[in-house]
Amino acid sequence: MNKDYKFVDQAIEELLPKVKEAGFDTVWDRFKSMQPQCGFGELGVCCRICWKGPCRIDPFGNGPQRGICGADAHTIVARNLIRGIAAGAAAHSDHGRHIALTLLEVAEGHAPAYCIKDEKKLMNVAARLGLSTEGKNVRQVAKEVALATLEDFSRQNSSIPCSWARQTITAERAEKLTALGVMPHNIDAVVAGIMNRTHVGCDADPVNLLLGGLKGALADYTGMYLSTELSDVIFGTPEPVITTANLGVLKEDAVNIAVHGHNPLLSEIICDVAGSMDEEARQAGAKEGINIVGVCCTGNEVMARRGIPLATNYLSQEMAVLTGAVDAMVVDVQCIMPSLGVLQECYHTQLITTMATNKIPGAVHVEFTEKTALEDARRVVELAIEAYKRRDKNKINIPQYKETAIVGFSAEAVFAALSKLNKEDPLKPLLDNIVNGNIQGVALFAGCSTTRVAQDHNFVTIARELARHNVLLLATGCGAGAFAKLGLMTQEATEAYAGDSLKAVLTAVGEAAGLNGPLPLVLHMGSCVDNTRAVTVATALANKLGVDLDKLPVVASAPEAMSEKAVAIGTWAVTLGIPTHLGIIPQVTGSSLVTEVLTDKLKDLVGGYFIVETDPLRAAGKLYEVIRERRKALGI
Ligand code: XCC
78 MNKDYKFVDQ AIEELLPKVK EAGFDTVWDR FKSMQPQCGF GELGVCCRIC
128 WKGPCRIDPF GNGPQRGICG ADAHTIVARN LIRGIAAGAA AHSDHGRHIA
178 LTLLEVAEGH APAYCIKDEK KLMNVAARLG LSTEGKNVRQ VAKEVALATL
228 EDFSRQNSSI PCSWARQTIT AERAEKLTAL GVMPHNIDAV VAGIMNRTHV
278 GCDADPVNLL LGGLKGALAD YTGMYLSTEL SDVIFGTPEP VITTANLGVL
328 KEDAVNIAVH GHNPLLSEII CDVAGSMDEE ARQAGAKEGI NIVGVCCTGN
378 EVMARRGIPL ATNYLSQEMA VLTGAVDAMV VDVQCIMPSL GVLQECYHTQ
428 LITTMATNKI PGAVHVEFTE KTALEDARRV VELAIEAYKR RDKNKINIPQ
478 YKETAIVGFS AEAVFAALSK LNKEDPLKPL LDNIVNGNIQ GVALFAGCST
528 TRVAQDHNFV TIARELARHN VLLLATGCGA GAFAKLGLMT QEATEAYAGD
578 SLKAVLTAVG EAAGLNGPLP LVLHMGSCVD NTRAVTVATA LANKLGVDLD
628 KLPVVASAPE AMSEKAVAIG TWAVTLGIPT HLGIIPQVTG SSLVTEVLTD
678 KLKDLVGGYF IVETDPLRAA GKLYEVIRER RKALGI
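Per our numbering, residue 78 is the first one in the sequence shown, and the count goes up by one each step.
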């Protein structure tokens with residue numbers, strides 16, 4: 078066993094020593110050989126923006142206090158931070174644009190593999206965007222929705238905010254953010270604006286830069302929101318479904334295809350065609366045909382909509398290949414370790430890249446387009462079957478760990494479950510239980526997994542502790558993956574860990590919704606982009622209570638954050654008024670000013686702020702304290 082790490086995930090604990098014996102390096106080995114990591118980088122005081130540099134500020138005050146151009150630590154840290162936010166926003170919104178363009182192609186009849194699976198949602202979205210649907214057919218409405226959405230990427234009038242931002246938050250919040258000058262009008266322009274103002278010789282005022290970061294984060298929010306909603310329109314809105322998670326979902330006697338990345342456009346079609354190619358897999362010797370499993374957020378997407386089992390989350394993606402049982406790892410965009418390309422030199426796994434902007438040395442590239450999606454998906458499955466024939470049975474090591482996971486809690490699914498208690502006013506039961514204290518508050522777990530902490534440990538520890546205090550738990554992304562793998566998305570977890578009053582509410586709703594027992598302890602809301610589903614619920618609650626979002630007893634936690642997307646998500650959560658915990662030290666502490674703004678001053682400005690706490694139990698305590706504070710301020 079790797080003595081330097083503790084894993085709460087037994088599957089990794091079991092597999093890793095075998096991997097080490099075989100002489101393979103994993104993410105944890107590379108992390109170890111990277112020590113000590115660059116202290117300047119950790120503090121955020123290293124500037125590589127121009128080629129006079131790199132420059133770094135001496136954090137102890139003995140060496141240089143300004144870079145060659147004269148930028149001090151505050152400017153450098155703020156610039157680095159908001160460039161990360163811009164990258165996160167670019168990633169999420171490009172994903173969203175891809176979905177919006179696909180919707181347009183569906184409407185125009187150019188994407189035969191796709192259809193509008195959720196017409197009701199399409200109509201709701203149209204209404205929310207202020208579009209009239211009267212007398213129009215589904216395709217016409219879809220086209221107008223797609224075009225209105227694309228305007229959020231192209232509007233030049235900066236006094237008109239992005240529709241997807243303005244229409245999805247409370248009016249009071251929108252007004253406040255507009256007055257602050259941080260409401261985005263055009264996602265692309267805001268991302269470009271951050272790159273522009275952080276170029277050498279531009280914006281040097283750290284506070285002004287941070288305000289630019291808030292705007293960038295709201296551009297990220299806009300891209301995420303539209304991505305989730307339009308994906309639901311095309312692929313269906315998730316409803317509760319029972320599935321399984323962890324490496325034990327791989328099958329020795331099946332052609333195992335892992336879909337990995339973020340964008341559901343190809344993985345959905347792979348799921349569609351796999352059934353019709355099952356016989357080919359059996360003819361190749363796979364007695365159980367084709368078995369599709371998910372990794373990271375593409376995994377979350379197909380798990381929430383189709384109940385496809387989840388193999389694992391970000392940090393342990395290599396472990397899926399190292400089971401020797403994955404025949405194809407098909408990837409789209411984001412959070413794909415380049416090491417997968419190296420691993421397949423020793424394993425038969427066929428790594429398949431599918432997006433022109435996301436290629437990996439060592440992979441086979443099957444270029445995906447919406448027009449040829451069916452053929453592309455078939456090609457992927459064919460490659461998997463071919464790879465299956467090359468499998469080395471001696472290398473197969475599937476840890477027999479998997480947990481049941483009840484997933485698919487979109488905002489609509491939450492409202493539908495609540496409506497079983499009160500048809501006329503579905504929000505009332507939730508609100509009543511928050512007001513009477515049966516539910517103390519709501520915590521959204523988001524973000525990644527990282528080598529800086531024992532994988533999944535922070536998620537599980539904080540969640541159990543908050544549940545004990547009767548806090549309702551929601552999760553997305555690799556946080557959701559952690560909870561699914563480790564059995565916290567089960568009714569048994571509710572019985573075991575929920576405080577009495579929370580348990581009673583989850584049981585009443587679960588029974589009424591026909592689950593024959595409580596709702597799971599943690600509600601799976603989907604992938605990273607689906608964090609906006611939690612905002613849908615929070616905004617509905619705020620509107621019903623007649624308060625702004627920053628008054629709600631709602632908190633967020635990214636206890637194992639890693640990616641620039643997580644930086645952007647955390648920043649918009651704070652900007653919307655939600656106190657947000659980080660379980661790792663963000664790379665900003667080289668500037669006392671930036672640190673103070675993020676953890677304190679933002680509270681006066683937007684209501685939300687960052688809470689940095691690396692100890693998970695203490696973090697849970699702090700989050701609960703915030704919830705109590707907010708309840709007190711509301712007089713409940
Ligand atoms: Fe990536 Fe979404 Fe982070 Fe997981 S959680 S490591 S961003 S896959 Ni969004």
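Every residue gets a Cβ at the ideal spot worked out from N, C-alpha and C, and that includes glycine.
Restricting to Cα atoms, I'd like to know which of Ala397, Glu637, Lys197, Cys279 is closest to phenylalanine 312. Lys197
Buried versus exposed, by CB contacts within 10 Å (16 or more), glycine 694: Note on identity: in this sequence residue 694 is leucine, with glycine being the wrong assignment. The residue is exposed, with fewer than 16 neighbouring Cβ atoms inside 10 Å.
Using the beta-carbon count (16 or more within 10 Å), is phenylalanine 137 buried or exposed? exposed
The ligand XCC: which residues have Cβ under 5 Å from any of its heavy atoms, chain order? Cys373, Cys374, Tyr391, Cys412, Cys525, Gly554, Cys555, Cys605, Ser640, Lys642
Close-in-space but distant-in-sequence residues of the same chain around alanine 163 (CB under 7 Å, 5 per side omitted): Val268, Ile271, Met272, Gly293
Would you call the segment 376–388 and the segment 601–620 in contact, with 3 or more CB pairs under 8 Å? yes
How many angstroms separate the CA atom of glutamine 244 from the CA atom of isoleucine 483? 30 Å
Using 8 Å as the threshold, is the segment 433–443 in touch with the segment 353–368, meaning 3 or more CB pairs across them? no
Given a cut-off of 8 Å, decide if threonine 299 and proline 341 are closer than it, judged by their beta-carbon atoms. Their beta carbons are not under 8 Å apart, which means proline 341 does not touch threonine 299 by this criterion.
Give the DSSP bridge partners of glutamate 480, in chain order. Ala322
For aspartate 282, which residues of its own chain have a beta-carbon under 8 Å away from its beta-carbon, when the five flanking residues on both sides are left out? Thr152
Using DSSP with H/G/I as helix, E/B as strand and the rest coil, what is methionine 200? helix
Buried or exposed for serine 640, going by 16 or more other Cβ atoms inside 10 Å? So serine 640 counts as buried.
Find the nearest neighbour of glutamine 411 within the set Val599, Val154, Ser170, judged by alpha-carbon distance. Nearest C-alpha to glutamine 411: Ser170.
DSSP state of serine 170 mapped onto helix, strand, coil: Looking at serine 170 - three-state DSSP - the assignment turns out to be helix.
Can you tell me the Cα-Cα spacing of leucine 592 and glutamine 233, whole angstroms? 49 Å
When the Cα atoms are used, what is the spatial distance from alanine 765 to methionine 301? The structure shown does not extend to residue 765, since the chain spans only 78 to 713, so no value can be given for it.
State the Cα-Cα distance for the pair glycine 118 and alanine 150, rounded to the nearest angstrom. 12 Å
For histidine 425, which three-state DSSP category applies? coil
Expressed to the nearest angstrom, what Euclidean distance is found between the alpha-carbon atoms of aspartate 229 and asparagine 608? Looking at the two C-alpha atoms, the distance is approximately 19 Å.
If you run the structure through DSSP and keep just helix, strand and coil, what is aspartate 102? Coil, per DSSP.
So, is glycine 401 buried or exposed, given that buried needs 16 or more other C-beta atoms within 10 angstroms? buried
If contact is defined by three or more beta carbon pairs under 8 Å, each pair taking one atom from either stretch, is the segment 197–217 in contact with the segment 676–690? Cβ pair count under 8 Å is below three, so no.
Can you tell me whether aspartate 330 is buried or exposed, with buried defined as 16 or more other CB within 10 angstroms of its CB? Residue burial annotation: aspartate 330 is exposed, with fewer than 16 other C-beta atoms found within 10 angstroms of its C-beta.
Can alanine 219 and alanine 242 be called in contact, C-beta distance under 8 Å? no
Taking 7 Å as the cut-off, is the C-beta of threonine 567 nearer than that to any heavy atom in the ligand MG? For the ligand MG, the structure offers nothing, since it holds only the ligand XCC.
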